[in-house]
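In what follows, a single structure is set out as structure tokens and then discussed.
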Amino acid sequence: MQEKLDVKSLTITELKELLIGWGEQPFRAEQMFRWMHAAKVRSFDDMTNLPKQLRERLNSECRFTKLKEAERLVSEEDGTSKFLFCLNDGQAVESVLMKYRHGNSVCISSQVGCRMGCRFCASTIGGLVRNLTASELLEQVYEIERISEETVSNVVVMGTGEPMDNYDNLVRFIRLISAKEGKNLSVRSITVSTCGILEGIGRLSEEGLPITLALSLHAPNDRIRKELMPTASLHSISELLAACDAYYEKTSRRITYEYSLIQGVNDSVSCAKELSELLSGRNCHVNLIPVNPVKEREFRKSKQEAIQNFKNILEKNRINVTIRREMGSDINAACGQLRRSYRENDIRNGEEE
Ligand code: SAH
């Protein structure tokens, strides 16, 4: 059987082509787009200004992407909510809503699982299952808006998955969520984090989409980086920094360098000095993330004193640095662990049957 057409992943222009092919009026495309992306209705039947026979055809030939909430953890400390969403095919993804004074931010997943293999990351343990479609990326934001009745003003693509490994759907997602007829989110309010897919960084700089790019650096030199990240063997830090410099040149968007602090691995004074030298003279921002321990791995969070010391050394070298505020630390199972425990339960239940 042929896959049904995923209309929520289509641009207005593509919708127009589809509808014209069906013998419909082209203006129906914008109507449909507004229903899906601005009004965020839950079905084709809710698109009340479309003729009944068009709604019927949509129902029979097209897919209306929806996510189903399977679980929600809400922090008692700061209201951060972590959602586990079921997809059409029974897979699940995690998304997080963080409430800040300056607005609501949602962290979305870009893939089911991940194949990048970073040693300290839980999301990659079971490997990659599949890419998420543009509509599945969008629905993580839309469904959180529906459930929470809040407006999301920032999106960070920092959940499970490597966004650059799902490049076409990522770019499609950015164009759709920022479309003025839809959610109309400012492109500048979107951050995409990558483990360092060189080709993706280059392509993204040519898209005319001034999003914030975050590079997962995690080490001041290639030797340590290779211990932590298999992808470090593909591209050297100097190649990645050159690509980030070019991105900055093109977009004027300051790069964020992420650095997870792991006790005894990358948190020494000499690492801080080496990192300062590496980034010196760059208009960038370093985000220090005390590593979130993953039960399958032996990495430990750096001591508070080491974290502060690391930050001070960077600051002394005039590098713009923050320590990531730990949101919802009471529900802060490391990224990807909610999905993993859900799958383990699934597997256990399956075995019992
Ligand atoms: N694949 C992308 C985006 C997903 S991960 C990337 O690698 O950038 C988002 C960020 O969280 C990355 O910087 C990643 O290295 C980091 N991260 C993953 N697991 C972590 C953990 N256990 N503790 C702290 N940071 C972690």
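Residue numbers (the numbering used here): 208 to 560.
Think of the CB as a built atom: it goes at the ideal place given N, C-alpha and C, for glycine as much as any other residue.
Whether residue i touches residue j by CB criterion (9 Å)
i	j	result
L495	Y466	yes
I431	V378	no
N376	S317	yes
V493	N527	yes
E346	K273	yes
G334	C321	yes
T287	G535	yes
Q470	R507	yes
L416	I381	yes
L447	L482	no
L339	N373	yes
S412	A386	no
Backbone CA spacing between residue i and residue j [nearest angstrom]
i	j	result
I408	M371	8 Å
T255	L486	55 Å
M323	T367	11 Å
L205	S400	The first residue shown for the chain is 208 and the last is 560, placing residue 205 beyond what the model contains.
R410	G389	25 Å
G403	L422	6 Å
I530	L212	44 Å
V501	F327	7 Å
L257	Q238	8 Å
E558	S250	Confidence at E558 is low in this model, with a pLDDT of 38, below 50, so its placement is unreliable and the value that follows should be read with caution. Those two C-alpha atoms are separated by around 36 Å.
W229	E268	11 Å
K306	N490	27 Å
A245	R308	24 Å
L222	V214	7 Å
E210	F271	12 Å
K247	R241	8 Å
L280	I332	22 Å
T218	C478	46 Å
D474	K480	10 Å
K175	S302	Outside the modelled stretch of the chain, which goes from 208 to 560, sits residue 175, for which no answer is possible.
E560	V300	Only weak support exists for where E560 lies, its pLDDT of 29 falling under 50; the value from the coordinates is given anyway. Taking the straight line from one Cα to the other gives about 25 Å.
I227	M365	38 Å
K523	N499	26 Å
R547	E434	24 Å
E509	D285	The displayed chain sequence assigns Ser, not Glu, to residue 509. About 23 Å.
M243	D252	12 Å
Segment limits, alpha helix (DSSP H) that includes residue i
i	result
V348	A341 to S355
A479	V476 to L486
Q318	From DSSP, Q318 is part of no alpha helix (DSSP H) but of the beta strand (DSSP E) over Q318 to G320.
N519	Q511 to K523
V378	Y374 to I384
E221	I219 to G228
R262	K259 to E268
R337	Element bounds for R337: not the alpha helix (DSSP H) but the beta strand (DSSP E), L335 to N338.
L405	L405 to S412
Integer-rounded CB distance, given that residue j should sit under 8 Å from residue i
i	j	result
I384	V336	Not quite, the Cβ-Cβ distance comes to about 23 Å (not below 8 Å), so this is no contact.
S443	S342	37 Å between Cβ atoms; not a contact.
P427	L468	That pair is no contact at about 12 Å.
L545	E369	That pair is no contact at about 19 Å.
D537	S282	5 Å
I418	R460	7 Å
L392	I351	The pair is not a contact, with the Cβ atoms about 13 Å apart (cut-off 8 Å).
Y464	L424	5 Å
Terminal residues of the beta strand (DSSP E) in which residue i lies
i	result
K275	K275 to V281
H442	Taken as a continuous stretch (DSSP letters only), H442 belongs to no beta strand (DSSP E), as it is neither H nor E.
V528	N527 to I530
A299	A299 to Y307
R241	Note, R241: premise wrong, no beta strand (DSSP E); alpha helix (DSSP H) at F234 to H244.
K289	S288 to C293
Open item on the list: Measuring CB atoms only, is the region 355-362 touching the region 305-314, in the sense that at least three cross pairs come out at less than 8 Å?
Closed with: yes
- [ ] Examine the Cβ distances between the region 434-451 and the region 387-400 and report whether three or more of them are shorter than 8 Å.
- [x] The answer is no - the region 387-400 does not touch the region 434-451, with fewer than three Cβ pairs under 8 Å.
Task: the region 282-297 touching the region 219-238, judged by at least three CB pairs closer than 8 Å - done: Contact between the region 282-297 and the region 219-238 is absent: fewer than three C-beta pairs spanning the two stretches fall below 8 Å.
Open item on the list: Taking 8 Å as the cut-off, does the region 260-273 touch the region 514-523 (at least 3 CB pairs, one atom from each stretch)?
Closed with: Using a Cβ-Cβ distance cut-off of 8 Å, the region 514-523 and the region 260-273 are not in contact, since fewer than three pairs of beta carbons, one from each stretch, lie closer than that value.
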